[in-house]
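Trainee: Before anything else, here's the structure in question.
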Amino acid sequence: MFDALDGALCVLAVVATMEALRASGGISAARRRVLWEIGAMGALVVLAHAAGGGTSAVLSMIVALGIAGGAAAVCARFGIDRAPRLSRLPGMIAAAALASTLFAKPDEPVAALIGASVAVAGAALLSRLRFAIKDASLASSLHFACAGACAVIGYAAGQEAGALAVVIVSAMGALIFSHLTMALAGPVWPGLVSTLDGFAACSVVAVGIVAGSGALLVTGIALAIGCAASHASAMQSRASYSK
Numbered sequence: 001m002f003d004a005l006d007g008a009l010c011v012l013a014v015v016a017t018m019e020a021l022r023a024s025g026g027i028s029a030a031r032r033r034v035l036w037e038i039g040a041m042g043a044l045v046v047l048a049h050a051a052g053g054g055t056s057a058v059l060s061m062i063v064a065l066g067i068a069g070g071a072a073a074v075c076a077r078f079g080i081d082r083a084p085r086l087s088r089l090p091g092m093i094a095a096a097a098l099a100s101t102l103f104a105k106p107d108e109p110v111a112a113l114i115g116a117s118v119a120v121a122g123a124a125l126l127s128r129l130r131f132a133i134k135d136a137s138l139a140s141s142l143h144f145a146c147a148g149a150c151a152v153i154g155y156a157a158g159q160e161a162g163a164l165a166v167v168i169v170s171a172m173g174a175l176i177f178s179h180l181t182m183a184l185a186g187p188v189w190p191g192l193v194s195t196l197d198g199f200a201a202c203s204v205v206a207v208g209i210v211a212g213s214g215a216l217l218v219t220g221i222a223l224a225i226g227c228a229a230s231h232a233s234a235m236q237s238r239a240s241y242s243k
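Sequential numbering from 1 applies to the sequence shown in full-length UniProt numbering.
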């Protein structure tokens, strides 16, 4: 079940990142170069993880990269990234990815592929729906609920021992701060929110390496790129406003 969840989260992370990149298409050349550098670092991490592991690690990475590439192809082919739905949810995706690691289970590429297929179909359907949460009080309540869920995940991880639990707890702390910021200040501090979500994304990368899950590793890298794009866009908009 949780390997299928990892595959689905990988697809959602890729879609959210493509939406963020499209929304941030007007960023400066310098900040665009930073995004390329982050992507290159992610590629090196993927290669190092595959080279340092055995046959299972290589197979896991091939499946994860296939899921990410397939999701990107479907996203571009059907224009899923043209109507942003998930670009504001990287923190929730990261929280779900970290929560899945609390349930120890061997990596199952077939289950990940099944979960990814369901997620692609769901993302395609979501892109055709027209809805938005315009009520500020409802959006604030949802962020408070997400902060509570992150607190529960952090508490559960805190009952475990080891460095993995420390990484998850610290990531949940960042996500709680992120959701509380959104709940109390709305979209006033997008740079802070994207930074906190980016920290959680890097935590997903670390957990994916330790757990040996290619799907989690690719999910974290995709989320990190998307958060960096959102942060660059927010900082550029702030600079333009200051002028």
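Here a beta-carbon is modelled for each residue, glycine too, at the ideal position from N, C-alpha and C.
Quick one, are the C-beta atoms of Ala97 and Ala229 less than 7 angstroms apart?
Mentor: For this step, residue 97 is matched to residue 97 along the sequence shown. For this step, residue 229 is matched to residue 229 along the sequence shown. No, they are not a contact pair.
Trainee: For Glu37, is the classification buried or exposed, using 16 other Cβ atoms within 10 angstroms of its Cβ as the cut-off for buried?
Mentor: In the sequence shown, the residue the question calls residue 37 occupies position 37. Exposed.
Trainee: Grab me the residues of Thr181's own chain with a C-beta within less than 7 angstroms of its C-beta, minus the 5 sequence neighbours each way, in chain order.
Mentor: Working through the sequence shown from its first residue, we reach residue 181 at position 181. Excluding positions up to five away in sequence, the list reads Trp189, Leu192 and Val193.
Trainee: Kindly indicate which three-state DSSP category Leu5 falls into: helix, strand or coil?
Mentor: Looking up residue 5 in the sequence shown gives position 5. DSSP places Leu5 in helix when its eight states are reduced to three.
Trainee: CB Val169 to CB Ala206, shorter than 7 angstroms?
Mentor: Residue 169 sits at position 169 when you count from the first residue of the sequence shown. Residue 206 sits at position 206 when you count from the first residue of the sequence shown. Cβ distance not < 7 angstroms, so Val169 and Ala206 don't count as in contact.
Trainee: Determine the direct distance from the alpha carbon of Ala232 to that of Val60, and round the result to whole angstroms.
Mentor: For the purposes of this step, residue 60 is taken as residue 60 along the sequence shown, with counting starting at 1. For the purposes of this step, residue 232 is taken as residue 232 along the sequence shown, with counting starting at 1. A small correction: the amino acid at residue 60 is Ser; Val does not occupy that position in the sequence shown. Taking the straight line from one Cα to the other gives about 31 angstroms.
Trainee: Look up Glu160 in the DSSP assignment and say whether it is helix, strand or coil.
Mentor: To locate residue 160, count along the sequence shown from 1; it is residue 160. DSSP places Glu160 in coil when its eight states are reduced to three.
Trainee: Taking Cβ positions only, does Val46 come closer than 7 angstroms to chain B?
Mentor: Absent from the structure: chain B. Only one protein chain is present.
Trainee: Pairs of beta-carbons, one from the stretch 147-156 and one from the stretch 37-52, closer than 8 angstroms: are there three or more?
Mentor: No contact exists between the stretch 147-156 and the stretch 37-52.
Trainee: Distance check for Arg88 and Leu65, CA to CA, integer angstroms please.
Mentor: On the sequence shown, residue 65 is found 65 positions in, with the first residue counted as 1. On the sequence shown, residue 88 is found 88 positions in, with the first residue counted as 1. Spanning the two alpha carbons is a distance of roughly 23 angstroms.
Trainee: In terms of alpha-carbon separation, which member of Ala68, Gly208 and Ile62 lies closest to Ala8?
Mentor: Position 8 of the sequence shown, counted from the start, is the residue given in the question as residue 8. Closest option to Ala8, Cα to Cα, is Ala68.
Trainee: Assuming residue 246 and Ile93 are in contact, meaning their beta carbons sit under 8 angstroms apart, how far apart are those beta carbons, in whole angstroms?
Mentor: As displayed, the chain neither begins before 1 nor continues past 243, which places residue 246 out of reach and without an answer.
Trainee: Can you tell me where the alpha helix (DSSP H) with Ile62 in it begins and where it stops?
Mentor: For the purposes of this step, residue 62 is taken as residue 62 along the sequence shown, with counting starting at 1. It spans Thr55 to Phe78 - the alpha helix (DSSP H) in which Ile62 sits, taken as one unbroken run.
Trainee: Could you give the distance in angstroms between the alpha-carbon of Ala161 and the alpha-carbon of Phe199?
Mentor: Position 161 of the sequence shown holds residue 161. Position 199 of the sequence shown holds residue 199. One C-alpha to the other measures close to 21 angstroms.
Trainee: Is it buried or exposed for Lys243, if we count other Cβ within 10 angstroms and need 16 for buried?
Mentor: Counting from one through the sequence shown, the residue named residue 243 turns up at place 243. Residue confidence is low: Lys243 scores 49 on pLDDT, short of 50, so the model does not pin down where it sits. No coordinate-derived value is stated.
Trainee: Is it the case that the Cβ atoms of Gly220 and Gly212 are separated by a distance below 7 angstroms?
Mentor: One-based indexing of the sequence shown puts residue 220 at position 220. One-based indexing of the sequence shown puts residue 212 at position 212. Their beta carbons are not under 7 angstroms apart, which means Gly220 does not touch Gly212 by this criterion.
Trainee: Ignore the nearest five residues each way along the sequence and tell me which others in Val45's own chain have a CB closer than 8 angstroms to its CB.
Mentor: Mapped onto the sequence shown, residue 45 falls at position 45. Closer than 8 angstroms at the Cβ level, and outside the excluded window around Val45, lie Val205, Ile209, Leu217 and Ile221.
Trainee: With C-beta atoms as the reference, is Val15 less than 7 angstroms away from Cys75?
Mentor: Residue numbering aside, residue 15 sits at position 15 when the sequence shown is read from its first letter. Residue numbering aside, residue 75 sits at position 75 when the sequence shown is read from its first letter. Their beta carbons are under 7 angstroms apart, which means Val15 touches Cys75 by this criterion.
Trainee: Can you tell me whether Arg32 is helix, strand or coil according to DSSP?
Mentor: Position 32 of the sequence shown holds residue 32. Three-state DSSP puts Arg32 in a helix.
Trainee: By DSSP, does Leu86 sit in helix, in strand, or in coil?
Mentor: Position 86 of the sequence shown, counted from the first residue, corresponds to residue 86. Of the three classes helix, strand and coil, the one that applies to Leu86 here is coil, per DSSP.
Trainee: Identify, in the order they occur along the chain, each residue of the same chain with its Cβ nearer than 7 angstroms to the Cβ of Ala156, setting aside the five sequence neighbours on each side.
Mentor: Looking up residue 156 in the sequence shown gives position 156. Closer than 7 angstroms at Cβ, skipping near neighbours: Leu102.
Trainee: Considering only the beta carbon of each residue, do Ala73 and Ala215 sit closer than 7 angstroms?
Mentor: Reading the sequence shown from its first residue, position 73 is the one you call residue 73. Reading the sequence shown from its first residue, position 215 is the one you call residue 215. Contact: no.
Trainee: Could you compute how far the alpha carbon of Phe144 sits from the alpha carbon of Ala23?
Mentor: Looking up residue 144 in the sequence shown gives position 144. Looking up residue 23 in the sequence shown gives position 23. Phe144 and Ala23: Cα-Cα distance of roughly 26 angstroms.
Trainee: How big is the Cα-Cα spacing for Ala95 and Leu223?
Mentor: Against the sequence shown, residue 95 aligns to sequence position 95. Against the sequence shown, residue 223 aligns to sequence position 223. Rounded to whole angstroms, Ala95 to Leu223 spans 11 angstroms at the Cα level.
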